[in-house]
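J.: Below you will find the structure I want to go over with you.
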Amino acid sequence: MTTAYDCDVLVIGGGIVGLSVAYALTRAAPGTTVTVLEKEWGPARHQTGRNSGVIHSGIYYRPGSLKARFAVRGAAEMVKFCAEYGIDHEVTGKLIVATGRDELPRLHALVQRGRENGIPVRELGPAQISEYEPHVRGLAAIHVGTTGVCDFGAVAAQLATASGADVRYGQEVTAVDRRPWGVAVRTASGAVVRARVLVNCAGLHCDRVARLAGDDPGMRIVPFRGEYYELARPDLVRGLVYPVPDPAFPFLGVHLTRGIDGGVHVGPNAVPALAREGYSWAQLRPRDLAGTLVWPGSWRIARRHWRYGAGELHRSLSKRAFTEAVRRLLPPVTESDLRPAPSGVRAQAVLRDGTLADDFLIREAPRTVHVLNAPSPAATASLPIGREVARRALTALAADRPARAAR
């Protein structure tokens, strides 16, 4: 029996990673038919469109890791892509500032890591910090020149257009049927799409899609909400200013980001969200919360890092505490300078033992490629991630051709 396929490769997820995969597929293998299913009514409605818009340099990530390699490469490619298509962007550079003596060893370790990753960094003393940011105070800092900002939502929209893929919005996947001949996906609207290979880029729901396909992802997405404020006095900040991060966590701490619109965002913190798309404390989905609570890794994180979590929760519930965290970097700021801004949710993969996955996580199964951990800096690294996932999908597609010929 001959199966009628709707496409060669079906991508689930219309964020920047899924659309980068579609873009890479049609460039690497012209003639490959690609369909993208996105449950929202447009691209980039969640992680891609709800972040600080920073093009990360790659300085934070372990040398040799996918995050390090893809962020360094992706930052340069993202600037080039934005320039090619006329998308707003700017290479601003950023400061990473130590405000306490206990942070100095970690700052120096970042200098070394940056150099290992091939990133030019400049070490600064207090007077030099003021040359870059007159209102910022610190004991020492490093300047990273390759960091920038852009409109990732506009990038995602351009990828959708430039890929030539059949991008279908408002199509939430409810069932996946994997057979020897390929994969059939059913959506909430009742539509069925048949493909030879499936790529799962569902972000906040990627573990659920993996299970729909019959695969055990070995992790769960635990959503963390990042809350932002907008600075009422944007003249206090010229560019991007970050604290020294704690290497035990994948979060970078409350930072200051001058965006392409000239406004300055302050944040984010990192608090557990009560829903996969829980952008406020009022948004609670019992199914999502139950999924987090029954996963053993969630409780192991809570036991291991409860002090850190308590501090983040305090800053979420107390504007005064949030302001004090900002004042460590920017002493002139007051509570009245901070205006609430839209929040984002980070899709963080947590392993059963409570480990926070610290690298991009891409796994393969028969006729399927799953992207299971792609939080920040995935937007920056989206073009290299797209090529890597496309390469794996095309390998699966090539393996299918001899089998079909034999039949």
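Per my numbering: the sequence shown = residues 540 to 946. For glycine and all other residues, C-beta sits at the position ideal for the given N, C-alpha and C. Note that the structure is predicted; figures quoted are calculated from it, not measured.
Hey, out of VAL910, ALA714, ARG931, whose CA is closest to GLY554's CA?
T.: Here the question's residue 554 lines up with position 15 in the sequence shown. Closest option to GLY554, Cα to Cα, is VAL910.
J.: From the DSSP output, in three-state form, read off LEU890 for me.
T.: For the purposes of this step, residue 890 is taken as the residue at position 351 of the sequence shown. In the structure shown, LEU890 sits in a strand (DSSP, three-state: E or B).
J.: Output needed for SER882: all residues of its chain with C-beta closer than 8 Å, excluding positions within five of it in sequence on either side, in chain order.
T.: Numbered from its first residue, the sequence shown carries residue 882 at position 343. Excluding residues within five positions, the ones whose Cβ falls inside 8 Å are ARG589, ARG764, GLY765, GLU766, TYR767, PRO807, TYR818, SER819.
J.: Any idea if PRO644 is buried or exposed, counting beta-carbon neighbours within 10 angstroms, 16 or more meaning buried?
T.: Start at 1 with the first residue of the sequence shown, and residue 644 comes out as number 105. Exposed.
J.: Would you give the residue range spanned by the beta strand (DSSP E) that ASP746 belongs to?
T.: Position 207 of the sequence shown, counted from the start, is the residue given in the question as residue 746. Counting along the chain, ASP746 falls outside any beta strand (DSSP E), though it belongs to the alpha helix (DSSP H) covering 745–751.
J.: Rounded to whole angstroms, what's the CA-CA distance from GLU629 to LEU698? Just pull it up for me.
T.: Taking the sequence shown and counting its residues from 1, one reaches residue 629 at position 90. Taking the sequence shown and counting its residues from 1, one reaches residue 698 at position 159. So the alpha carbons of these two residues sit roughly 19 Å apart.
J.: Using alpha carbons as the reference points, say which of ARG707, ILE551, PHE620, VAL776 lies closest to GLY742.
T.: As a position in the sequence shown, residue 742 is number 203, starting the count at 1. Closest by alpha carbon: ILE551.
J.: If we call anything under 9 Å between Cβ atoms a contact, is LEU895 one with TYR781?
T.: Taking the first residue of the sequence shown as 1, we reach residue 895 at position 356. Taking the first residue of the sequence shown as 1, we reach residue 781 at position 242. Their beta carbons are not under 9 Å apart, which means LEU895 does not touch TYR781 by this criterion.
J.: Going straight from the alpha carbon of ARG839 to that of GLY893, what length do you get?
T.: Against the sequence shown, residue 839 aligns to sequence position 300. Against the sequence shown, residue 893 aligns to sequence position 354. Rounded to the nearest angstrom, the two C-alpha atoms are 5 Å apart.
J.: I need the straight-line Cα distance from MET540 to ASP754, nearest angstrom please.
T.: If you number the sequence shown from 1, residue 540 lands on position 1. If you number the sequence shown from 1, residue 754 lands on position 215. Note that MET540 has pLDDT 48, beneath the 50 cutoff, so the model's placement of it is unreliable and the number below is only indicative. Cα to Cα, MET540 sits roughly 27 Å from ASP754.
J.: If you follow the alpha helix (DSSP H) that CYS621 is part of, which residue opens it and which one closes it?
T.: Locating residue 621 in the sequence shown gives position 82, where the first residue counts as 1. First-last of the alpha helix (DSSP H) with CYS621: 605–624.
J.: Counting C-beta neighbours from all protein chains within 10 Å, is the total for ASP690 16 or more, i.e. buried, or is it exposed?
T.: In the sequence shown, the residue the question calls residue 690 occupies position 151. It is buried - the Cβ of ASP690 has at least 16 other Cβ atoms within 10 Å.
J.: Using a 10 Å radius around the Cβ and a threshold of 16 neighbouring Cβ atoms, would you call ALA938 buried or exposed?
T.: To locate residue 938, count along the sequence shown from 1; it is residue 399. The residue is exposed, with fewer than 16 neighbouring Cβ atoms inside 10 Å.
J.: In the DSSP output, which residue or residues are listed as bridge partners for VAL593?
T.: Within the sequence shown, residue 593 is the residue found at index 54, counting from 1. In DSSP, VAL593 forms a bridge with VAL688.
J.: Would you kindly check if the distance between the Cβ of GLY592 and the Cβ of THR796 is under 9 Å?
T.: Position 257 of the sequence shown, counted from the start, is the residue given in the question as residue 796. Position 53 of the sequence shown, counted from the start, is the residue given in the question as residue 592. Contact flag set, yes.
J.: To test your reading of the DSSP string, which unbroken alpha helix (DSSP H) runs of 4 or more residues are found completely within the stretch 828–868?
T.: Fully enclosed alpha helix (DSSP H) runs of 4 or longer: 835–843, 845–856, 858–866.
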